[in-house]
Amino acid sequence: MAEGEQKLADVQGRFMQVVSDGRKASDVDWQSCRLLLSNKRLLILTNEGKQTIPLGKVTSIKSRGDVNEAIAQVSSYLSVQIGSDVYLVAPQDQEPFEEKLYGAILDQRVVYVKHPAVEGGVVQDTGWEKARLKLGDGTVDLAIASGQFVEVDRGDVGTVEVSEQTVNDSQRRVAEIEHLVEDTVVQTHVTGPGRVVAILAGLLGQENDPDADISKAEHEVLMALYSGVSPFKIPDFVGMDVDEIEEIYDELLEEGLLQEVRTRREVSLKPRGRNIASEVIENQ
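Residue numbering for the sequence shown follows my numbering, beginning at 516 and increasing consecutively.
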């Protein structure tokens, strides 16, 4: 290890390089390897040699499931992009390795934050402030220079979008993060180096994909809940009987779009449920 370099993880796993110099590789297959992660780089070690991925040049990380026959041999893996190359890595015990990889790139990064940028659907007159970013246990924490502390619970994140905004007289890439503060939906905007914004948005957004295979009736129930209709009044509001609504609640709970508040069948929207309802309303 070089001076100032600290080992974070050393695990067995598998890897494949699926894109090289911008070209998709053909006839690729998983290779066994040792994955050595430090605060500066990821080393992929095999009997044939090693591949070095400097963390300072990583532009994208995605947690993925199998997408084609060759990759399907591994149920989950990480897609890591550096420039025009893309590597898939599947470490043993992926979750702690993934957290350490994100932490190595994002922890202690200085960013600029606007919080809240939007609160309860209303745009706020909030300025940009310098902040320090840190990953907590299931959270993204932002310590703002003015003394404010923002804790974004990753389980309560709704939509995450990346936009271009004018920040301090220059065009910057901004992550617009919708999340809950107590019972209020707010947006926190974060900007900084482009790759840091992209990786942060990927971390927060990958577990809350709004796409879901749900029926028209389920859409109606989601939109009614999103509009503030009491769960007990949903049958009358959407014109369905109580048994039908109970079945829909069961299906949406199973999909992870609702959470049960009380055993009397009171429910509230979870982040993915809010995403779907919001997108449907916007597209009408």
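All C-beta atoms, glycine included, are put in the ideal place defined by N, C-alpha and C.
Scanning the region 664-745 from its first residue to its last, the whole beta strand (DSSP E) runs of 3-plus residues come out as 664-668, 672-682, 685-696 and 699-706. Setting aside the 5 residues that flank it on each side, Thr654 is surrounded in the same chain by Glu666, Val667, Asp668 and Arg669, each with a C-beta closer than 8 Å to its C-beta; the list follows chain order. Leaving aside the five residues that flank Asp671 on each side, the residues in its chain whose CB is nearer than 8 Å to its CB run, in chain order, His694, Leu695 and Pro786. Residue pairing of Arg538 in beta bridges, as defined by DSSP: Ser535. Under DSSP, Val633 forms a beta bridge with Val638 and Gln702. Under DSSP, Pro569 forms a beta bridge with Arg556. The region 788-797 and the region 767-775 touch, with three or more beta-carbon pairs separated by less than 8 Å.
Bridge pairing for Glu775: Val782 [DSSP].
Ser793 sits in a helix when the DSSP states are folded into three classes. With fewer than 16 other beta carbons inside 10 angstroms of its own, Ala517 counts as exposed. Under the three-state reduction of DSSP output, Arg624 falls in the coil class, being neither helix nor strand.
Under DSSP, Ala658 shares a beta bridge with Arg647 and Phe664.
Restricting attention to Gly642, Lys555 and Gly717, the CA atom closest to the CA of Glu676 is found in Gly717. A residue is called buried when at least 16 other Cβ atoms come within 10 angstroms of its Cβ; Arg688 meets this threshold and is buried. Boundaries of the beta strand (DSSP E) around Asp600: Asp600 to Pro606.
Shown here, Ala524 sits in a strand according to DSSP, grouped into three states.
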